[in-house]
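These notes concern the structure reproduced below.
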Amino acid sequence: MSNEGQPRIEKSFEQVQSEIEGRPVLIANRGIPARRISRSISEQLEAVAIMTATDVDKTSPSTLGAHELLLLPDDPQAYLDLDRVIRKARERGVIGLHPGWGFGAEDDSFPAKCEENGITFIGPPAESMRILGNKVSVRRLARQLGVPVVPGSESAVTIPEARKIAARIGFPIMLKAEGGGGGRGIYTVYSENQLESAFHKASVMSEASFGNPRVYVEKYLPSVRHIEIQVIADQYGNIFAFDERDCSVQRNHQKLVEITPSPWPLMTESLRERLKAYARQLVSAVNYYSLATVEFLVDENAAPYLIEVNTRLQVEHGITECRYGIDLVEEQIAVAFGAALRFTEKTTVPFLHAMQCRINCEDPQNEFGPNSGLITRYVSPGGQGVRLDSCVTEGYEFPSQYDSAASLLITYGSTWAKTVKLMQRALREYMISGVKTTIPFHRQIVKHPVFVSGKYDTRFIEHHPELMFYSDIEPEALRMSRLVAEISARGYNPFVALGAYRGRGDKRVGRLEVVQPEIPEQSHETFSFPRRDRQTALDRVRDSREQGIVHFTDTTTRDITQSNSGNRLRLAEDRLVGPYLDRCGFFSLENGGGAHFHVAMLANMTYPFTEAAQWNEFAPNSLKQILIRSTNVLGYKPQPRSMMEKTGEMICAHYDVIRCFDFLNHIENMRPFAEIVLNDNACIFEPAISLSYAPGFTVAHYLAVAGEILQMTRRVAGVNDKQASQMIILGLKDMAGVCPPWFIRELVGAIREKYPELVLH
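In the numbering used here, the protein residues as written are 77 to 837.
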């Protein structure tokens, strides 16, 4: 409550404590800040912690810290209805109101509304908030005080004014929301032709986020650190400035990791004291009391520039608390009720390093898109040096209506190196399942050598796209134990997608009716191709070609074996159809493929080489053929050469024809298989050209590809050109079916003319 016009009576912390003990204090917020603030209200101060809550939030984990809930309408915007919040607070007899961060925390009408209703606003007075919280007015004040600011406009601007300023200070520039905060409402403009569009976007974003469409101009500084100073002041002119927080690890101006003190090699004691002095000047100039954070950009020459002042409790305040061993929220509440500041340079001394990772329900690999849904598993980290401020737990349905913040993970230790190791360990322990989170992304950050060295800047994420390359999966042992438990409990695998004729509740495959038409005798007597004898088989194909005979490969069992729909033919069904196909006179039966490995091993839990061995028993006469995708042999990601070679050896033990293709016709990708197959006289190598029908993909182009294949064959086998064309089959693979018949006819004719010994498939 304001004491303006009256002499202020200085109180002690203990006096304030006795005044508010057992009395209601409202937190006009939700989630992490609500839970964090409720702890300080109810611990040493022993007041009654009341939280606002909409219908979505009234059963959220954060409400567990409250003694009471003040229910708001079922509307995500309800937290912004300050008049309703204050009316309900007054009806309940609330004596103090803490705005937290976000929502109305930086609305300078909030303190005045509280004062009018006899409620102490736990924050700064309205006029101080208005001056420091507005980016244009604080820049003006800073210039008056000699505090350096980023070059730019004196006030909010129009588009023509922005053009003039940009011409004076040079591109690139930044358009920033006058009333903004939290990294929102900022647009970088690199040239004049982008300015008008960016200006409109910035203005719309500014009005939507802060109720103020006005924007101003700042020079864009490409290589900077984001350094901030935490300040607290009481109502009697006492001010204490804490050591800096380094918030340089950010994306799109949104902070991801915060550290105190800064590990940057150029952060000297002289620079630290200079920033603290600037912060104290600004706060003192407007008779400010409560918590404030003064934010600077510091360039590569250690020159600082003021960018803004946040007139509220900061998300990252916890690392300052850990560094000093204090409770900032507790002190902020006491100051609001008239207590003199307890912090002095003698009593409040930093002794630890601390770091915070913001854990959000977002998918970093999908443009940090927000994720909502049921949290199916929650395992929190712990141990010495770990603090966790969380608003989620197992079984909680994370809502889509609000921001994506899930928790604030803090580690603290005696050195920077110790703090990093603690964070690496805490992130390994931390597990949230059911929704995507930033946990695996933070694991990448805290082990990156540039981060560990402290030599990063605000473009660290932008300059290191490899941070996005991670596999967001649970540990193998955990996934396997869960799978075993599910199969044991249900009697079938619930994670396998099943086809139309088979539901998840069916434990048996539907009945298979096998129809086997009679096979004419000549189909399987006229030609036979010996297994495990490459040259004889190929010579017989060439002989029959001279008689105008075309041979066929049957791929039915490969296609249906690879089905991930649950309708796949398994070994039992293969045994019913395999002997029949073995008598049909096909050149080969293609009963295996690269996707076969993927589906059989990951979805259907069968081993493809066991199936291949069985096929050779119940269909012993036909050549068995497999289709593989060069480097992607075992799945849908490239495999290392050593794995390709080992797999090639296993394939040669069970298959007679190895058909291999590379989608982009990178012939060298087939070489590891060529080396295995061509040095095994029992197997036939069939490198295949992937065909397309588009400009540039001409007959001449594919003739050149065929030449590359034969050249590779010649080098691998150590033979001449003619021998190379006699020892392989060349596959022409129009997988998408886009090539017209006339094109295939011309291509086949051209290949036959140039390489008459070559067998074509």
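Glycine included, each C-beta is placed from N, C-alpha and C at the ideal position.
Please report how far the alpha carbon of residue i lies from the alpha carbon of residue j, in whole angstroms.
{"i": "Phe739", "j": "Glu473", "result": "43 angstroms"}
{"i": "Asn741", "j": "Ile765", "result": "6 angstroms"}
{"i": "Asn442", "j": "Ser448", "result": "14 angstroms"}
{"i": "Ala576", "j": "Val753", "result": "Confidence at Ala576 is low in this model, with a pLDDT of 40, below 50, so the placement of that residue is unreliable and no value is reported for it."}
{"i": "Gly394", "j": "Ala125", "result": "20 angstroms"}
{"i": "Leu382", "j": "Glu371", "result": "6 angstroms"}
{"i": "Asn640", "j": "Val653", "result": "Note that Asn640 scores a pLDDT of 44, beneath 50, so its modelled location is shaky and nothing firm can be said."}
{"i": "Pro224", "j": "Arg519", "result": "36 angstroms"}
{"i": "Ala573", "j": "Pro440", "result": "At Ala573 the pLDDT is 46, less than 50, meaning the model places this residue with poor confidence; the figure from the coordinates comes in the next sentence. Those two C-alpha atoms are separated by around 27 angstroms."}
{"i": "Tyr769", "j": "Ala826", "result": "16 angstroms"}
{"i": "Gln311", "j": "Gly414", "result": "7 angstroms"}
{"i": "Phe694", "j": "Ser664", "result": "15 angstroms"}
{"i": "Gln623", "j": "Asp615", "result": "13 angstroms"}
{"i": "Glu203", "j": "Val212", "result": "15 angstroms"}
{"i": "Val468", "j": "His329", "result": "25 angstroms"}
{"i": "Pro339", "j": "Ser529", "result": "8 angstroms"}
{"i": "Cys190", "j": "Phe197", "result": "6 angstroms"}
{"i": "Ile743", "j": "Leu808", "result": "14 angstroms"}
Is residue i near residue j, with beta carbons less than 8 angstroms apart?
{"i": "Val325", "j": "Tyr532", "result": "yes"}
{"i": "Leu208", "j": "Gln357", "result": "no"}
{"i": "Ala688", "j": "Tyr731", "result": "yes"}
{"i": "Ser466", "j": "Ala482", "result": "yes"}
{"i": "Cys736", "j": "Ile760", "result": "no"}
{"i": "Ala123", "j": "Ile96", "result": "yes"}
{"i": "Ser299", "j": "Asp375", "result": "yes"}
{"i": "Val411", "j": "Tyr365", "result": "yes"}
{"i": "Leu146", "j": "Leu102", "result": "yes"}
{"i": "Leu158", "j": "Gly180", "result": "yes"}
{"i": "Arg388", "j": "Glu182", "result": "yes"}
{"i": "Lys700", "j": "Asn667", "result": "yes"}
{"i": "His540", "j": "Val526", "result": "yes"}
{"i": "Ile303", "j": "Asp319", "result": "no"}
{"i": "Ser801", "j": "Leu834", "result": "yes"}
{"i": "Phe247", "j": "Ser231", "result": "no"}
{"i": "Ile315", "j": "Ser273", "result": "no"}
{"i": "Val226", "j": "Leu297", "result": "yes"}
State the beta-bridge partners of residue i as determined by DSSP.
{"i": "Leu647", "result": "Per DSSP, none; premise fails for Leu647."}
{"i": "Arg434", "result": "Leu484"}
{"i": "Thr264", "result": "Met250"}
{"i": "Glu384", "result": "Glu371"}
{"i": "Ile292", "result": "Just to set this straight, residue 292 is Tyr in the shown sequence, not Ile. DSSP output for Tyr292 lists Lys252 as bridge partner(s)."}
{"i": "Arg463", "result": "Ile486"}
{"i": "Tyr454", "result": "Ile508"}
{"i": "Phe24", "result": "Lying outside 77 to 837, the shown extent of the chain, residue 24 is not represented and no answer is given."}
{"i": "Leu735", "result": "Note that residue 735 corresponds to Arg in the displayed sequence, not to Leu. Answer by DSSP bridge pairing, in chain order: Leu703 and Glu762."}
{"i": "Phe474", "result": "Gly449"}
{"i": "Ser366", "result": "Ala309"}
{"i": "Glu345", "result": "The partner list for Glu345 (beta bridge, DSSP) is empty, contrary to what the question assumes."}
{"i": "Gly222", "result": "In the DSSP output, where bridge partners are listed per residue, Gly222 has none listed."}
{"i": "Glu144", "result": "Ile126"}
{"i": "Val835", "result": "Ile805"}
Would you give the residue range spanned by the beta strand (DSSP E) that residue i belongs to?
{"i": "His627", "result": "Element bounds for His627: n/a, residue is neither H nor E."}
{"i": "Gly489", "result": "Ala481 to Gly489"}
{"i": "Ala317", "result": "Ile315 to Arg327"}
{"i": "Met127", "result": "Val124 to Ala129"}
{"i": "Met507", "result": "Met507 to Ser509"}
{"i": "Asn667", "result": "Ser664 to Gly669"}
{"i": "Gly172", "result": "Gly172 to His174"}
{"i": "Val101", "result": "Pro100 to Ile103"}
{"i": "Gly807", "result": "Ile805 to Lys809"}
Would you give the residue range spanned by the alpha helix (DSSP H) that residue i belongs to?
{"i": "Glu334", "result": "Taken as a continuous stretch (DSSP letters only), Glu334 belongs to no alpha helix (DSSP H), being part of the beta strand (DSSP E) at Gln330 to Thr336."}
{"i": "Ile113", "result": "Gly107 to Ser118"}
{"i": "Ala689", "result": "Pro684 to Phe694"}
{"i": "Leu208", "result": "Ala202 to Gly209"}
{"i": "Ser620", "result": "Arg610 to Glu622"}
{"i": "Val411", "result": "Leu404 to Ala412"}
{"i": "Tyr400", "result": "His393 to Tyr400"}
For the 8 angstroms Cβ check, are there 3 or more pairs between the region 170 to 183 and the region 506 to 522? no
Three or more C-beta pairs closer than 8 angstroms, one from the region 245 to 254 and one from the region 278 to 294: is that the case here? Yes, they touch.
Inspect the CB distances between the region 425 to 432 and the region 93 to 113 and report whether three or more fall short of 8 angstroms. The region 425 to 432, when compared against the region 93 to 113, does not touch it at the 8 angstroms Cβ threshold.
Assess contact between the region 813 to 821 and the region 609 to 627, defined as three or more Cβ pairs (one per stretch) separated by less than 8 angstroms. Is contact present? no
Should the region 706 to 726 be called in touch with the region 765 to 776, which here means at least 3 C-beta pairs below 8 angstroms? no
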